[in-house]
Amino acid sequence: MGYRVMDPVTRRVAVSRNVRFVEKKIISDKLSATPNIEKQEDTSDLGEENETETDIKLEETERAIDDKYPEFRRSQRERKPPVRYPFNEALSTTNEELTFDEIKFLPNEEQSNWKSAMDEEMLSMQKNKVWDLVELPEKEKQPITCKWIFKRKRDGKYKARLVARGFMQKEGVDYTDTFSPVISMPSLRLVLVLILQENLQSYVMDVKTAFLNGDLDEVVYMSQPQGYDDGTRKVCKLNKSLYGLKQAPRQWFHKFQQFMNKVKFKQSTSDPCIFIRKEKGRKIIICLYVDDLLIAGSDPDEVKTVINLLQNEFEMSKSAPATEFLGIRLVFTPTELKLDQEEYIDKMLKRFNMSDCKPCSTPLEPKCTSADFANSELFEGPFRELIGSLLYLAVTTRPDVLFSVNCLSQLQEKPTVAAWTGLKRILRYLKGTKNFKLVYKKLHNPNFNIDLYVDADWASDTIDRKSVSGYVLMFCNCPILWCCKKQNCISPQKLK
Numbered sequence: 000m001g002y003r004v005m006d007p008v009t010r011r012v013a014v015s016r017n018v019r020f021v022e023k024k025i026i027s028d029k030l031s032a033t034p035n036i037e038k039q040e041d042t043s044d045l046g047e048e049n050e051t052e053t054d055i056k057l058e059e060t061e062r063a064i065d066d067k068y069p070e071f072r073r074s075q076r077e078r079k080p081p082v083r084y085p086f087n088e089a090l091s092t093t094n095e096e097l098t099f100d101e102i103k104f105l106p107n108e109e110q111s112n113w114k115s116a117m118d119e120e121m122l123s124m125q126k127n128k129v130w131d132l133v134e135l136p137e138k139e140k141q142p143i144t145c146k147w148i149f150k151r152k153r154d155g156k157y158k159a160r161l162v163a164r165g166f167m168q169k170e171g172v173d174y175t176d177t178f179s180p181v182i183s184m185p186s187l188r189l190v191l192v193l194i195l196q197e198n199l200q201s202y203v204m205d206v207k208t209a210f211l212n213g214d215l216d217e218v219v220y221m222s223q224p225q226g227y228d229d230g231t232r233k234v235c236k237l238n239k240s241l242y243g244l245k246q247a248p249r250q251w252f253h254k255f256q257q258f259m260n261k262v263k264f265k266q267s268t269s270d271p272c273i274f275i276r277k278e279k280g281r282k283i284i285i286c287l288y289v290d291d292l293l294i295a296g297s298d299p300d301e302v303k304t305v306i307n308l309l310q311n312e313f314e315m316s317k318s319a320p321a322t323e324f325l326g327i328r329l330v331f332t333p334t335e336l337k338l339d340q341e342e343y344i345d346k347m348l349k350r351f352n353m354s355d356c357k358p359c360s361t362p363l364e365p366k367c368t369s370a371d372f373a374n375s376e377l378f379e380g381p382f383r384e385l386i387g388s389l390l391y392l393a394v395t396t397r398p399d400v401l402f403s404v405n406c407l408s409q410l411q412e413k414p415t416v417a418a419w420t421g422l423k424r425i426l427r428y429l430k431g432t433k434n435f436k437l438v439y440k441k442l443h444n445p446n447f448n449i450d451l452y453v454d455a456d457w458a459s460d461t462i463d464r465k466s467v468s469g470y471v472l473m474f475c476n477c478p479i480l481w482c483c484k485k486q487n488c489i490s491p492q493k494l495k
């Protein structure tokens, strides 16, 4: 092994392993391109002998180099390309969004399925009288545009949703207020405890195209949808709130609120998304989260009557026993209620490429604080996305990870590699405990008392010396509210 080089002066060939290439220097043109005839004539008789000796020397040199530097064996292991950005890949390939123009290039069967889904959506628009086709009265006023959103559900159903591009709306002209409440998790858990302790019948329902039921207070014009433009250059004057409009959630909530008042339901003063009706000792509770309903009552006939009233007023799905609500699995037994989010944990593990991780026994190392994760190089990745996913789980059914998530969420502004490793440890803990459940026990004689347990450490954070407080609120010996957060001030003494 080596380079065969020739000396341009002596015209001799040698084999060498160490060679330096001089690219800037060019061989002189004065050197004769033809060999010296005289020298060639003098050595003509020894030509064959010299050629044989040169070959032998070259073979011996090459053999010596081969013995000194043996050829390395190539590995037969199959090489796999590295996955350098697994989290970004997982986030981008979870739900591939189709556009209206891309539908045209799909197979005929797929095109037919999506066309049927769009026809169903347009039929719903006509049924609810969402808009009227009119000439644009003001030349200076530009209509907002719309787009199609395509999604294939887990059951294989093709769903097409027409949404308005609400970002084109002007505040004060196309909308004013946008706030719309939803039921809080402590309120929902309180209702679930009442269902358990009072043996209430519970059902879940959802409103189809809920936002289309809201009436608009402002005048909003929208261009005709793709694929359904009649070519008259008319625009859609919206009569009802459409998905994508900034005021759509608020208008839907007002519509539902008016109907609840009409059927003699009273709105809770503590949570505006809880509606209660009591008549002749019969109680019915309705919880609203955007378009999802949880209905519970002591009289099954009365509950069915209310369900029929809702179905006559709004287009709704069929009622079903409450076994799942807002992604929370509900398991009712005569003596207890179990809540868990195992499916949500599996989705989160898959999303962040941790499905095959090794479980661990604790969500955080003992005596760890946020300062232990600050001294590390900065991390670039989906840090805040994972914090948000873990926070939703912690405040819903898993209070055991709340302290750990709270500790690491303090590093969102400048996330570090060590903090990301800490978040992955929480995922490993959830992988091994995803079947853990929040259990509510039924009491024989419930007194509906409220108990509050509070605790705090003292100056645990070595950076700012602030303390961390935590509390749990129990209703009928069932936890319905918990919190863990750093205090706003520095406590000079433990008792303070």
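Read in numbering that gives the first Met the number 0, the sequence shown has 79 at position 80, and its numbers run on one by one without any break. The beta-carbon is built from N, C-alpha and C at its ideal position, and this holds for glycine as well.
Annotation: the segment 305 to 338 contains the following complete segments of the beta strand (DSSP E) (minimum length 3 residues), in chain order: 327 to 331.
Here Met5 is exposed. Its C-beta has fewer than 16 other C-beta atoms within 10 Å.
The way I'd put it, the segment 194 to 203 does touch the segment 281 to 296; three or more beta-carbon pairs between them come closer than 8 Å. Between Val12 and Tyr2, the alpha-carbon positions lie close to 10 Å from each other. DSSP places Lys254 in the helix class (H, G or I) of the three-state scheme. Residue range Glu341 to Arg350 is occupied by the alpha helix (DSSP H) that includes Asp345.
With respect to Gln310, Leu392 sits apart: the two C-beta atoms are not nearer than 8 Å. Secondary structure in the segment 219 to 251: the beta strand (DSSP E) runs of 3 residues or longer, each lying completely within the stretch, are 234 to 237 in chain order.
In this structure, DSSP gives Cys356 a state outside helix and strand, which the three-state scheme calls coil.
Selection Trp457, Thr304, Asn434 and Ile273 evaluated against Ser186 yields Ile273 as nearest (Cα-Cα). Residues of the same chain with a CB within less than 8 Å of the CB of Leu191, apart from the 5 flanking positions on each side, are Leu329, Leu336, Leu338 and Tyr439 in chain order. For the pair Thr432 and Pro362, the Cα-to-Cα distance works out to about 10 Å. The closest CA to that of Gln409, considering only Tyr452, Lys265 and Lys465, is found on Lys465.
Excluding its 5 nearest sequence neighbours in each direction, Lys150 has C-beta neighbours in its own chain below 6 Å: Lys158, listed in chain order.
Here Lys265 really is in contact with Arg276; their C-beta atoms are around 7 Å apart, less than 8 Å. Cys406: not part of any beta strand (DSSP E); member of the alpha helix (DSSP H) spanning Leu401 to Ser408, first to last residue. In the three-state scheme derived from DSSP, where H, G and I count as helix and E and B as strand, Leu215 is classed as coil.
Judged by beta-carbon spacing, Ala373 lies beyond the 8 Å limit of Asp460, meaning their Cβ atoms are not closer than that value.
Spatial neighbours of Phe447 in its own chain (CB-CB distance under 8 Å, excluding positions within 5 residues in sequence) are listed in chain order as Gln196, Phe474 and Cys475.
For Gln125, the three-state secondary structure derived from DSSP is helix. DSSP, reduced to helix, strand and coil, places Lys140 outside both helices and strands of the structure shown, so it counts as coil.
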